[in-house]
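Note sheet for the following structure.
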Amino acid sequence: MSQPVANCPQCGAPVQFRWSGSVQTVCDFCHSILVRTDVDVTKVGTVADLPPDASPLQIGSEGQFEGKPFTVIGRIIYEYEFGGWNEWHIVFSDSTSGWLADAQLEYDVSFAKTDGPQPPPADQVYRGHAFDIDGRRYEVTSITKAHYKGVQGELPFQYWDKEDVLFADLRTNDGRFGTIDYSENPPLLFFGRAATFDELRLKNLREFEGWR
Amino acid sequence: MSSSAVSPPVVKAKALYCPHCGGPVQLRGFAHTLSAVCPQCGSILDTSTPLVHVLQEAQARERIEPKVPLGSRGKLDNVEYEVIGFQTRTIVVDGQPYSWDEYLLFNPYRGFAYLSEYQGHWNVIHTLPLIPDMVPRAGKNAVRLEGRTFIHFQRSVAETTYVLGEFPWRAHVGETAQVDDFVSPPLVVSAETTEEEVVWSRGEYRSGADIWKAFGLHGSPPRAVGVYENQPSPYGGNIGSLWRMYLAFLVVMAALMFGFVVTAEYKPVFHQEYVLSPGAKVAPSFVTPVFDVTGHTSSVRIDIRTDLENSWAYFGLSLINDRTGQAFDFGREVSYYHGREDGEDWSEGSPRDSATVPAVPPGRYYLRIEPELNEKQTFSDMRYEIDVRRGLPSWGLFALAAGLLLIPPIIGTIRRGSFEAARWRESDYAPSITLGGSD
């Protein structure tokens with residue numbers, strides 16, 4: 051799965067893209083945000099120090115979802131008024147990629163949906179708003195204005211200069227999950243479901259003092 | 065694989081100093097903790113930013129000691145949890161405040177759970193990543209989850225009235241949420257509604273003993289008072305089986321009644337009076353008119369009453385089925401002697417007798433009677449009566465047994481009924497009580 055190594059245009063350290071679909075990564079040494087184009091790797095910014103977080107996941111963690119093994123290769127960190135969460139970028143053994151959200155240790159796995167319905171515009175979405183997607187009723191359970199707090203590792207798109215981002219979270223009666231990400235226009239859609247810690251069979255997790 | 069080594073291998077527990085009193089505050093929830101209560105001065109601190117500030121001044125009231133101490137660890141549903149937060153929440157119903165305690169449980173991998181306690185009744189609660197379907201039932205709201213129907217029990221506004229420990233949100237005194245509880249014992253599904261969101265959760269009833277065992281606590285748990293909203297009924301599980309046993313008993317008894325011929329009551333079928341004159345050389349055999357023997361197969365009793373005095377007679381009898389010719393043959397000798405000897409009355413025998421023919425199928429029958437009189441009786445006629453009676457099974461005993469055996473299921477049903485009544489008395493759907501009334 052390892053891709054050819056490039057060099058960081060800032061510090062010259064080797065930069066490895068673990069997934070062929072990765073567009074952006076962060077240099078492990080100088081924390082430059084690097085974007086890969088067809089011809090080269092360009093520095094577009096620098097990540098600030100990441101806020102302390104207590105997610106048990108880290109880059110390199112491995113797990114399974116519905117029988118398919120995955121590896122964690124990147125993340126986006128968000129904060130909002132009532133806390134924060136991590137969107138871990140996961141790459142499966144068949145080279146598809148998805149997202150493992152860890153919001154106060156409640157886990158959701160979702161995938162970008164490009165053929166989905168047109169979501170309501172940001173100024174018209176409200177909590178309790180319900181609509182049918184693929185024959186299933188989804189209801190908006192929360193609308194969150196989050197602050198982008200940083201990125202780490204590889205991402206499938208450029209994502210580094212965001213500020214406030216509006217999210218609408220959707221739930222069903224059976225644990226399915228959706229997110230409308232209003233950071234782009236038209237908004238991005240992600241669909242998946244809640245997952246339990248045990249079913250994800252996670253390995254290579256962080257350890258916590260006093261716990262084993 | 066190259067290691068990014070960005071995250072430290074072991075996440076260290078955090079400690080900080082209270083900006084109000086300067087005392088140390090140890091955090092158990094790592095970076096999840098957004099608010100913590102100073103154990104020294106009771107100030108609620110906002111720990112979400114590196115610069116800790118006081119979110120709420122020290123709580124004026126007396127310190128409450130949680131029954132499960134902060135820092136206790138225990139296994140619930142096979143997951144080890146640490147108690148890291150504690151709050152008292154209060155609702156007001158009819159002007160009366162009711163408070164319960166809520167413990168925040170934490171596992172750094174499996175997340176947060178809650179333990180609630182009200183008057184010795186405990187629940188282990190997990191949030192749900194879904195919105196249950198609403199299914200109104202009999203005028204009440206209800207929700208469906210895990211194939212069960214949860215009936216709406218109560219809506220209230222819960223206000224946080226005391227906090228200790230730490231929370232992954234900015235907990236503070238005065239925080240409110242509208243709480244709707246839906247019950248299907250031993251489970252409860254709750255919706256907590258705030259301005260920001262609706263959080264659904266699922267609680268499962270636990271006894272104090274379960275909790276004491278799980279957390280290895282000393283002493284004994286507080287006694288459970290009354291009936292709690294999702295407390296499983298001790299009479300719930302076996303009432304159905306009591307009634308089923310009762311029905312099975314009725315069936316068996318009825319089968320026995322028909323199988324054996326337990327006869328206690330007799331229904332008259334045929335009656336006739338006859339006269340036999342003495343000196344008849346040949347026994348005057350004759351048949352009676354045909355009579356109906358009804359009902360199921362059971363006994364037939366034939367009574368013979370004579371006016372014999374110091375004499376005897378013999379009756380050859382045959383009960384014959386008019387259609388099939390099936391005959392039940394039997395004989396009876398009647399003899400009666402009495403007198404006075406040495407100033408004392410004596411008697412021997414009886415002027416009457418009876419015979420019971422068991423297991424006679426229903427049908428049309430007649431009797432062939434062949435009476436024979438004592439040849440020494442030459443001076444008077446013998447009058448006699450023949451009575452045929454159909455035996456009936458003794459339903460009286462059956463009814464008595466059936467009645468007595470009704471007692472356990474009825475008591476069970478009443479107990480369950482009163483348990484359920486006690487449960488729902490605490491709900492929004494309690495029958496209204498008139499002040500000063502006899503209720």
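Residue numbers (my numbering), protein chains in the order written: chain S, 51 to 262; chain U, 65 to 503.
Cβ coordinates follow ideal geometry from the N, Cα and C atoms, glycine included.
Check	Outcome
3-residue-minimum beta strand (DSSP E) runs that sit fully inside the stretch 71-157 of chain U, ordered along the chain	79-81, 88-90, 99-101, 108-110, 117-120, 137-140, 143-157
Terminal residues of the beta strand (DSSP E) in which Ile123/S lies	118-130
Chain-ordered chain B contacts of Val74/U [CB-CB under 8 Å]	Note that chain B does not occur in the displayed structure, where the protein chains are S and U.
Coarse secondary structure for Phe330/U, derived from DSSP in three states	Before going on, a small fix: residue 330/U reads as Tyr here, not Phe. Residue state, collapsed to three classes: strand.
8 Å Cβ cutoff, Gly117/S in contact with chain U	no
Pick from Tyr188/S, Thr222/S, Val159/S, Gly225/S that is closest to Gln32/S, judged by C-alpha positions	The structure shown has nothing for residue 32/S, since chain S only spans 51 to 262.
Ordered list of beta strand (DSSP E) runs contained in the stretch 157-211 of chain U, each at least 3 residues	160-171, 175-182, 185-191, 206-209
Chain U within 8 Å of Thr229/S, Cβ atoms only	no
Reduced DSSP secondary structure (H/G/I, E/B, other) of Leu340/U	strand
Interface flag, Pro196/U vs chain S, CB-CB below 8 Å	yes
Residues near Tyr226/U by beta carbon distance below 6 Å, same chain, minus five either side	Ile128, Thr152
Burial state of Ala494/U, where buried means 16 or more other Cβ atoms lie within 10 Å	exposed
Test: Gln74/S CB closer than 8 Å to a CB of chain U	no
Residue-level contact to chain U via CB, Ala196/S, 8 Å cutoff	no
Lys78/U versus Gly238/U: straight-line alpha-carbon distance, rounded	27 Å
Cβ-based burial, Pro473/U [other Cβ within 10 Å; buried from 16]	buried
Member of Lys212/S, Ser143/S, His139/S whose CA lies at the smallest distance from the CA of Phe240/S	His139/S
Meets three-Cβ-pair contact criterion under 8 Å: the stretch 79-86 of chain S and the stretch 178-198 of chain S	no
Contacting residues, own chain, Cβ-Cβ under 6 Å from His179/S (five flanking each side not counted)	Val190
Span of the beta strand (DSSP E), counted from its first residue to its last, around Lys199/S	186-203
Cβ-Cβ distance between Gly229/U and Gly290/U below 8 Å	no
Best match in Ser147/S, Glu156/S, Phe217/S for proximity to Thr191/U [C-alpha to C-alpha]	Glu156/S
Spatial distance of Thr297/S from Gly166/S (CA atoms)	Any question about residue 297/S goes unanswered here, given that chain S covers just 51 to 262.
Local Cβ density within 10 Å of Val75/U, reported as buried at 16 or more and exposed below that	buried
At least three beta-carbon pairs within less than 8 Å, the stretch 402-412 of chain U to the stretch 331-342 of chain U	no
Test item: CB-CB of Ala465/U and Met317/U under 8 Å	yes
Given Asp211/S as reference, the closest of Thr229/S, Gly203/S, Ser233/S, Gly225/S once Cα atoms are compared	Ser233/S
Contact list for Gln154/S against chain U, beta-carbon separation under 8 Å	His96, Gly175, Phe176, Pro232
Own chain, CB closer than 6 Å to Pro130/U, minus 5 neighbours either side, in chain order	Phe150
Residue environment, Ala278/U, which counts as buried when at least 16 other CB atoms sit within 10 Å	buried
Helix, strand or coil at Phe350/U according to DSSP, with G and I counted as helix	strand
Integer Cβ distance of Gly260/S from Arg243/S, believed to fall under 8 Å	Rounded, the Cβ-Cβ distance is 32 Å, inconsistent with contact.
Beta-carbon gap between Leu383/U and Val364/U smaller than 8 Å	yes
Test: Ser192/S CB closer than 8 Å to a CB of chain U	yes
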